[in-house]
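Take a look at the structure below.
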Amino acid sequence: MIAFGDSKRLLPHSNFNSNSNPNPPSGSPPLRERVFSGIQPTGELHLGNYFGAIRTWVHLQEGYDCVYCIVDYHAITVDYDPKELPRRTLAMAMDLLACGIDPERSILFVQSHVPEHTELAWIFNCFASYGDLTRMTQFKEKAKEEEFVSAGLFDYPVLQAADILLYRASRVPVGEDQLQHLELTRDIARRFNHRLGEEFFPEPEPILSEAPRIMSPADPTQKMSKSLGEKHYIGLMEPEDSIYRKIRTAVTDIGPRGSEMSPGVRNLFLILKLTAPEGVYRELEGEYHEGSLKYIKLKEVVYEHLMEHLRPIRERRQKLEEEPDQVREILQEGAARARAIAQENMRRVRELVGVGAGALR
Ligand code: TRP
């Protein structure tokens, strides 16, 4: 298996950012920078989520104090099914655990189990600029798709800022599409600190992994995504015959075959690079450049190595499926640990803002 290319770059800077925890309790272990990231409970992880994001989350556990959150309050900002949501939340937890999120080392929890997220979001509403929010690209795009545009959808980035800063996290692994939200998070932190006269919140920086973008097998000009429809993504837990079919029918050459790979062929080679030994990759790449490679062979090899790569994840996921109580317990424990940090930080936030019973003393 090919080594995770940029794992070294993911290790923390030696110049530790003291912002992330200025007041460590005495006798605690050496400090690590805190990482926070969130994912929506879409119900099922696909190859794009896994290779693009979750694999990075797993590697970050080596060098950081990681807090990972399933953001169900973000999921209700658009049309959704309230009966389905809890099932999807639990399924996402199982997927993350199966991929290697380790609840011994990291905190894994569900956003709505820690009510301080929404409390801080309200306070941040009063420190976020309305004008800035109107300029959020993701809001403008999502608003176009929705029949009913909720105020929650508009406010989505403020809740995201609260997620991160509630733990005073200084590093946030995200994709390119979230950089604008992170910039807004820094603006909120800066404004809060400045107005209230204390450097309480860090200004969190992104960790942009060189996450390869896996494309849709059916339309390799678009990013793999569940919202495009069934044939546009490959779920980690999808039945083998269905994965086989999607790879066999993956679009390869749309135009004439040149020296430059078409998006579909490039996508197959990308999956191969991520899952097969380098020798296998090199050999097929050589055949491609010679012009002797049959795409049917490429697809067979991609399928074989992909399944090999996914096998341990799928096995772990299967076991977790049989023990949902254990997963509920992990989430409960995660929420308790998250909440201890959140409550301590909120105590100071309320004091600084001048609200809460404590402020009347
Ligand atoms: N908005 C993020 C996404 O759609 C999910 C998210 C919510 C998040 N809160 C977060 C990501 C905090 C990083 C940090 O991908």
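So for the sequence shown, this note's numbering puts the first residue at 5; every next one is plus one. Just so it is clear, CB atoms sit at the ideal spot from N, CA and C, and this is done for glycine as well. Values in this document were obtained by computation on a predicted structure and should not be read as measured data.
Between Pro208 and the rest of its own chain, which residues show a CB-CB distance below 7 Å, the 5 nearest in sequence each way excluded?
Sequence index remark: in the sequence shown, residue 208 carries index 204 (1-based). Once the five neighbours on either side are set aside, the close Cβ partners of Pro208 are Ile168, Ala173, Ser174, Arg175, Val176, Leu186, Thr189, Arg190.
Coil, strand or helix - Leu367 by DSSP:
What is shown of the chain runs 5 to 365, which leaves residue 367 out entirely.
Taking 7 Å as the cut-off, is the CB of Gln164 close to at least one heavy atom of ligand 1?
The residue you call residue 164 lines up with position 160 of the sequence shown. Answer for Gln164: yes, Cβ within range of ligand 1.
Do you know how far the Cα of Leu51 is from the Cα of Ser213?
Residue 213 sits at position 209 when you count from the first residue of the sequence shown. Residue 51 sits at position 47 when you count from the first residue of the sequence shown. Between Ser213 and Leu51, the C-alpha separation is close to 16 Å.
In the structure shown, what three-state DSSP assignment does Pro210 receive?
Translated into the one-based positions of the sequence shown, residue 210 becomes position 206. Strand.
Nearest to Asp76 by CA position, among Phe55, Leu64, Pro90, Cys70, is which residue?
Along the sequence shown, read from residue 1 onward, the residue named residue 76 stands at position 72. Out of Phe55, Leu64, Pro90, Cys70, Pro90 has the C-alpha closest to the C-alpha of Asp76.
Within the present structure, is the beta-carbon of Val178 separated from the nearest heavy atom of ligand 2 by less than 7 Å?
As presented, the structure is devoid of ligand 2, carrying ligand 1 as its sole ligands.
Express the C-alpha separation of Tyr237 and Leu157 in angstroms, rounding to a whole number.
For the purposes of this step, residue 157 is identified with residue 153 of the sequence shown, where counting begins at 1. For the purposes of this step, residue 237 is identified with residue 233 of the sequence shown, where counting begins at 1. Using only the alpha carbons, I get a separation of about 25 Å.
Closest to Arg217 by C-alpha separation, out of Lys277, Gln184, Pro243, would be which residue?
Numbered from its first residue, the sequence shown carries residue 217 at position 213. Among Lys277, Gln184, Pro243, the Cα nearest to that of Arg217 belongs to Lys277.
Between Asp69 and Glu37, how many whole angstroms is the CB-CB distance? I'm expecting something under 8 Å.
In the sequence shown, the residue the question calls residue 69 occupies position 65. In the sequence shown, the residue the question calls residue 37 occupies position 33. Yes, Asp69 and Glu37 are in contact; Cβ-Cβ is about 7 Å, under 8 Å.
Inter-stretch contact (C-beta, 8 Å, three-pair minimum) for the region 110 to 125 and the region 331 to 350:
yes
Does DSSP put Asn27 in a helix, a strand or coil?
Residue 27 sits at position 23 when you count from the first residue of the sequence shown. Legend: pLDDT at Asn27 = 47, less than 50; position of this residue unreliable, no value from coordinates given.
According to DSSP, is Val71 part of a helix, a strand, or is it coil?
Working through the sequence shown from its first residue, we reach residue 71 at position 67. Strand.
Can you name the residues that DSSP bridges to Phe128?
Translated into the one-based positions of the sequence shown, residue 128 becomes position 124. Answer is none; Phe128 lacks a bridge partner.
Kindly indicate which residue of Arg341, Pro224, Ile74, Glu123 has the alpha-carbon position closest to the one of Gly360.
Locating residue 360 in the sequence shown gives position 356, counting from the first residue. Closest option to Gly360, Cα to Cα, is Glu123.
Is Arg175 helix, strand or coil when you go by DSSP?
Numbered from its first residue, the sequence shown carries residue 175 at position 171. It is a strand residue.
Could you say which of His293, Gly239, Arg352, Leu274 lies nearest to Glu48 if we only look at CA atoms?
For the purposes of this step, residue 48 is identified with residue 44 of the sequence shown, where counting begins at 1. Comparing Cα positions, the closest option is Gly239.
Quick one: what's Ser41 bridged to in DSSP?
Within the sequence shown, numbered from 1, the residue matching residue 41 stands at position 37. Tyr72, per the DSSP bridge assignment.
Sort Arg354, Tyr292, Val39 by Cα distance to His63 and report the nearest one.
Along the sequence shown, one-based indexing puts residue 63 at 59. Looking at the Cα atoms, Val39 is the closest of the given residues.
Can you tell me where the alpha helix (DSSP H) holding Gly239 begins and where it ends?
For the purposes of this step, residue 239 is taken as the residue at position 235 of the sequence shown. Careful: Gly239 lies outside any alpha helix (DSSP H) and carries neither H nor E.
Beta-carbon proximity of Ile192 to Ala132, cut-off 8 Å:
Reading the sequence shown from its first residue, position 188 is the one you call residue 192. Reading the sequence shown from its first residue, position 128 is the one you call residue 132. For Ile192 and Ala132, yes; Cβs fall inside 8 Å.
Taking the alpha-carbon positions, what's the Val162 to Asp99 distance?
In the sequence shown, counting from the first residue as 1, residue 162 sits at position 158. In the sequence shown, counting from the first residue as 1, residue 99 sits at position 95. Each residue's alpha carbon lies about 27 Å from the other.
In or out: Glu120 buried (at least 16 other Cβ within 10 Å) or exposed?
One-based indexing of the sequence shown puts residue 120 at position 116. By the 10 Å Cβ count, Glu120 comes out buried.
C-alpha distance - Val71 paired with Thr138, whole-angstrom precision
The count along the sequence shown starts at 1 and reaches residue 71 at position 67. The count along the sequence shown starts at 1 and reaches residue 138 at position 134. One C-alpha to the other measures close to 29 Å.
Just mark Leu170 as buried or exposed, buried being the case when its beta carbon has 16 or more other beta carbons within 10 Å.
Counting from 1 along the sequence shown, the entry for residue 170 is found at position 166. Classification of Leu170: buried, given that the 10 Å Cβ count is 16 or more.
Could you give the distance in angstroms between the alpha-carbon of Leu314 and the alpha-carbon of Glu325?
Your numbering for residue 314 matches position 310 in the sequence shown. Your numbering for residue 325 matches position 321 in the sequence shown. Distance between the alpha carbons of Leu314 and Glu325: 16 Å.
Does the Cβ of Asp223 lie closer than 7 Å to at least one heavy atom of ligand 1?
In the sequence shown, residue 223 corresponds to position 219, counting from 1. Asp223: no, Cβ never under 7 Å from ligand 1.
Length of the line joining the Cα atoms of Glu180 and Leu364:
Reading the sequence shown from its first residue, position 176 is the one you call residue 180. Reading the sequence shown from its first residue, position 360 is the one you call residue 364. Taking the straight line joining both Cα atoms gives about 43 Å.
Which residues DSSP lists as bridging His50, in chain order
By one-based count along the sequence shown, residue 50 stands at place 46. The partner list for His50 (beta bridge, DSSP) reads Gly239.
Can you tell me whether DSSP reads Met219 as helix, strand or coil?
Your numbering for residue 219 matches position 215 in the sequence shown. Three-state DSSP puts Met219 in a strand.
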